[in-house]
Amino acid sequence: MRSFYLTVFFSFYWMFVSLAQERQQLLFRVMDTASKQPVPYATIQFANNKNGVIANIKGDFRIPIRYQKEKDILIISSIGYSTKRVALNSLTEKSYHIIFLIPKTEQLNEVVLKAKDKKKLLARQIVAKAIENIKNNNPIEPFSYIAYYRDYQFVDEKHINLNEGIAEVFDQGFLTHKISDPLNTTALYSYKLNTEFTRDTLLSNSIYNDSKQIRDGKMGSSISNELTLLNIHDPIRNYNSGSFSFVYILEKDFLRNHKFYNRGTIFLDDEELYKIEFFALKDITGYTYNANGFIYISKDDFSIHKFDYKLNSNSPRKSIFTVDIEYKRQENDKMYLNYITFNNNFFITQNDALKIESSLYDKKKRSFIINFNRDLDVRSIEKTSNVKLSFKDVKLPTFKLNLAGPKTVEVKFKKEISDFLNDQNIADQALFSLKLKNFQDIRGFKVGKSKVEGYQFRELFIQRVFLNKTDKSDLFFVKKGRSLKEALINDFNSKDYWLNSPLKTTDN
1 MRSFYLTVFF SFYWMFVSLA QERQQLLFRV MDTASKQPVP YATIQFANNK
51 NGVIANIKGD FRIPIRYQKE KDILIISSIG YSTKRVALNS LTEKSYHIIF
101 LIPKTEQLNE VVLKAKDKKK LLARQIVAKA IENIKNNNPI EPFSYIAYYR
151 DYQFVDEKHI NLNEGIAEVF DQGFLTHKIS DPLNTTALYS YKLNTEFTRD
201 TLLSNSIYND SKQIRDGKMG SSISNELTLL NIHDPIRNYN SGSFSFVYIL
251 EKDFLRNHKF YNRGTIFLDD EELYKIEFFA LKDITGYTYN ANGFIYISKD
301 DFSIHKFDYK LNSNSPRKSI FTVDIEYKRQ ENDKMYLNYI TFNNNFFITQ
351 NDALKIESSL YDKKKRSFII NFNRDLDVRS IEKTSNVKLS FKDVKLPTFK
401 LNLAGPKTVE VKFKKEISDF LNDQNIADQA LFSLKLKNFQ DIRGFKVGKS
451 KVEGYQFREL FIQRVFLNKT DKSDLFFVKK GRSLKEALIN DFNSKDYWLN
501 SPLKTTDN
């Protein structure tokens with residue numbers, strides 16, 4: 001099996017929210033007016049200040065209701081769409097609001113070359129010019145940005161162990177090394193586990209330990225800081241240092257490792273962007289894997305607006321990792337990070353699955369006893385509906401579940417049911433039919449499963465950029481090699497910055 005140089009070290013939301021949330025926040029979804037599909041990662045800014053938020057992959061976002069009281073205006077933009085303005089005081093009383101964006105694209109065969117286009121550039125030449133111009137198009141002076149950060153696992157369509165917070169990232173500019181320069185640092189203003197979402201000790205014990213494995217990738221085990229790992233996966237900011245397979249060092253390796261195709265013109269407002277699709281060469285990936293993506297480049301100055309990269313295995317067909325990055329032009333005409341989201345596949349295995357070793361009805365205890373092969377998670381017995389029991393096809397309503405020992409569950413019945421069972425000849429235990437759901441051992445493995453698989457996400461969404469700003473000496477800074485959970489939290493008035501959490505569904 002080929003090993004990759006991978007520095008990985010990854011429904012409808014709005015229908016059920018609490019009344020308290022509704023009173024405090026306005027909820028939105030951004031959708032394509034033509035396809036009626038969500039617009040992922042749309043940028044939302046306010047007309048009256050420089051703050052904003054980024055919609056999630058479902059097009060969902062939330063804002064404090066005070067912006068409506070202040071009669072502010074939302075400016076919603078996304079590559080490939082016309083920008084839209086929404087006056088907040090014009091909104092009706094709803095639990096959520098849908099904002100439709102109108103697509104603004106142009107196919108390759110419809111492009112009319114302008115007189116100034118003396119020579120049509122090949123896709124590879126366009127990408128080469130974009131890489132050459134990174135130092136011109138991106139800031140080399142110090143700056144900072146305040147952002148909403150989150151990390152979580154996504155398993156069985158659920159957000160698990162959702163940690164989130166507000167961070168200010170200080171950067172000395174693109175001529176410095178993002179990770180090794182000590183002045184490129186981060187201050188946390190909040191960071192905590194969101195207890196409204198599923199928690200799982202199996203997955204939270206360690207972000208990267210010996211039991212959690214990254215499919216087809218190597219991990220830097222010495223790095224346990226979640227934000228540092230995310231920062232490494234930005235090949236634009238790290239254009240002259242290492243990032244991930246098969247970009248490696250963007251300015252040295254990206255062009256020679258990929259083939260490129262011009263897929264036409266796409267717009268961001270009135271700015272025309274090249275839409276370039278690329279594929280990693282087979283002699284680099286082998287035939288077991290494939291890597292591809294898109295890069296969006298300005299026709300005016302060759303600045304990189306967006307970079308998406310995906311690595312998949314072919315057999316079985318599975319995502320290994322995905323990186324989505326967008327940069328946004330600020331008032332100084334330089335490009336600054338707008339968001340980065342990275343996820344990688346992981347799996348945890350153990351020798352054998354949780355299973356029932358024996359089950360029987362005990363007339364003395366007037367209970368049905370189930371013995372398992374391993375210690376149980378106490379949450380397995382929280383709901384009587386987790387046990388479905390029948391005798392001769394007659395359903396036996398469960399009254400109570402008791403954990404009689406680390407591996408033993410007692411199923412208790414009401415008196416009339418236990419009287420009925422005590423009157424029966426139950427020598428043949430096969431007369432009982434038993435079905436379990438949501439039973440798992442203390443490591444989180446469910447009945448019949450010896451493997452947990454999902455995706456580890458790390459995401460950063462910028463809410464405000466500060467130009468020409470250096471760090472403050474009175475702040476506590478994150479240690480780049482240690483988990484964010486160990487970092488000190490700074491005092492900060494964060495009313496203008498908020499946690500844009502994924503809203504709970506009925507499954508979370």
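Numbered as in my numbering, the sequence shown ends at 508 without a single skipped number.
For glycine and all other residues, C-beta sits at the position ideal for the given N, C-alpha and C.
All values derive from a computational prediction rather than experimental measurement.
Asked: Please return the same chain residues whose Cβ sits closer than 7 angstroms to the Cβ of Gln330, not counting the five positions on each side in sequence.; Found: Tyr336, Val465, Leu467
Asked: Confirm, please, whether the CB-CB distance from Asn371 to Thr398 is below 8 angstroms.; Found: no
Asked: If you draw a straight line from the alpha carbon of Lys437 to that of Lys400, how long is it in whole angstroms?; Found: 15 angstroms
Asked: Can you name, in chain order, every residue of its own chain whose Cβ lies under 6 angstroms from the Cβ of Ala404, other than the five neighbours on each side?; Found: Glu410
Asked: One question on the structure: do Tyr191 and Leu484 come within less than 8 angstroms of each other, judged by their Cβ atoms?; Found: yes
Asked: Closest to Thr533 by C-alpha separation, out of Ile348, Lys383, Ile489, would be which residue?; Found: Outside the displayed span of the chain (1 to 508) sits residue 533, for which this structure offers no information.
Asked: Hey, out of Glu157, Lys58, Val452, whose CA is closest to Ile98's CA?; Found: Lys58
Asked: Are there 16 or more other CB atoms within 10 angstroms of the CB of Gly444, so buried, or fewer, so exposed?; Found: buried
Asked: Which residues mark the beginning and the end of the beta strand (DSSP E) in which Gly237 is found?; Found: The sequence as given places Arg at residue 237; Gly does not occur at that position. No beta strand (DSSP E) holds Arg237; DSSP gives it neither H nor E.
Asked: Look up His258 in the DSSP assignment and give the residues it is bridged to.; Found: Ala280
Asked: So Phe46 packs on Tyr96, CB below 8 angstroms; how close in whole Å?; Found: About 19 angstroms; that fails the 8 angstroms criterion.
Asked: Could you check whether the segment 225 to 241 touches the segment 170 to 178, counting it as contact only if at least three pairs of C-beta atoms, one from each stretch, sit closer than 8 angstroms?; Found: yes
Asked: Can the beta-carbon of Ile295 be found closer than 8 angstroms to that of Phe307?; Found: yes
Asked: Thinking C-alpha only, which one of Arg85, Ile75, Leu183, Glu93 is nearest Leu26?; Found: Glu93
Asked: What residues are listed by DSSP as bridge partners for Gly405?; Found: Thr408
Asked: Which first and last residues belong to the alpha helix (DSSP H) in which Arg124 is found?; Found: 123 to 132
Asked: Would Ala167 and Phe476 be called neighbours here (beta carbons separated by less than 8 angstroms)?; Found: no
Asked: Just to confirm my understanding: we take Thr83, look at its own chain, exclude 5 residues before and 5 after, and list those with CB closer than 6 angstroms. What are they?; Found: Ser77, Asp269
Asked: Going by C-alpha to C-alpha distance, which of Lys120, Asn422, Tyr67, Lys135 sits closest to Glu251?; Found: Lys135
Asked: Considering only the alpha carbon of each residue, which of Ile126, Asp171, Gln350, His159 lies closest to Ile140?; Found: Asp171
Asked: On the DSSP letters alone, give me the boundaries of the beta strand (DSSP E) that Asn338 sits inside.; Found: 335 to 349
Asked: If contacts are defined as beta-carbon pairs under 8 angstroms, then Ile462 and Ala147 qualify, I think. What distance do you get, rounded to the angstrom?; Found: 5 angstroms
Asked: Spatial neighbours of Asn402 within its chain, please: C-beta separation below 6 angstroms, excluding the five flanking residues on both sides.; Found: Glu410
Asked: So who's on the other strand from Val478, going by DSSP bridges?; Found: None, per the DSSP bridge assignment.
Asked: According to DSSP, Ser144 sits in a beta bridge with which residue or residues?; Found: Phe170, Phe466
Asked: Roughly how many angstroms separate the alpha carbons of Gly448 and Ser385, rounded to a whole number?; Found: 19 angstroms
Asked: Which of the three DSSP states, helix, strand or coil, is assigned to Asp393?; Found: coil
Asked: So who's on the other strand from Asn292, going by DSSP bridges?; Found: Phe279, Lys310
Asked: Alpha carbon to alpha carbon, how far is Asp441 from Lys412?; Found: 21 angstroms
Asked: Report the residue from Lys259, His258, Leu273 whose alpha carbon sits nearest the alpha carbon of Thr265.; Found: Leu273
Asked: So, for Lys480: in the same chain, excluding its five sequence neighbours on each side, which residues have a beta-carbon less than 6 angstroms away from its beta-carbon?; Found: Asn225, Thr228
Asked: Label Thr509 either buried or exposed according to how many other C-beta atoms from any shown protein chain fall within 10 Å of its C-beta, with 16 as the threshold for buried.; Found: Residue 509 is absent from the model: the chain starts at 1 and stops at 508.
Asked: Pick out whichever of Tyr497, Val30, Asn89 has its Cα sitting closest to the Cα of Leu101.; Found: Val30
Asked: How would you write the range of the beta strand (DSSP E) that Ile417 sits in, first residue to last?; Found: Not the beta strand (DSSP E): Ile417 falls in the alpha helix (DSSP H), residues 415 to 422.
Asked: What does DSSP give as the partner residues of Ile99 in its beta bridges?; Found: Val30
Asked: Rounded to a whole number of angstroms, what is the C-alpha to C-alpha distance between Tyr568 and Tyr497?; Found: An answer regarding residue 568 cannot be provided, because it is not within the stretch 1 to 508 covered by the chain.
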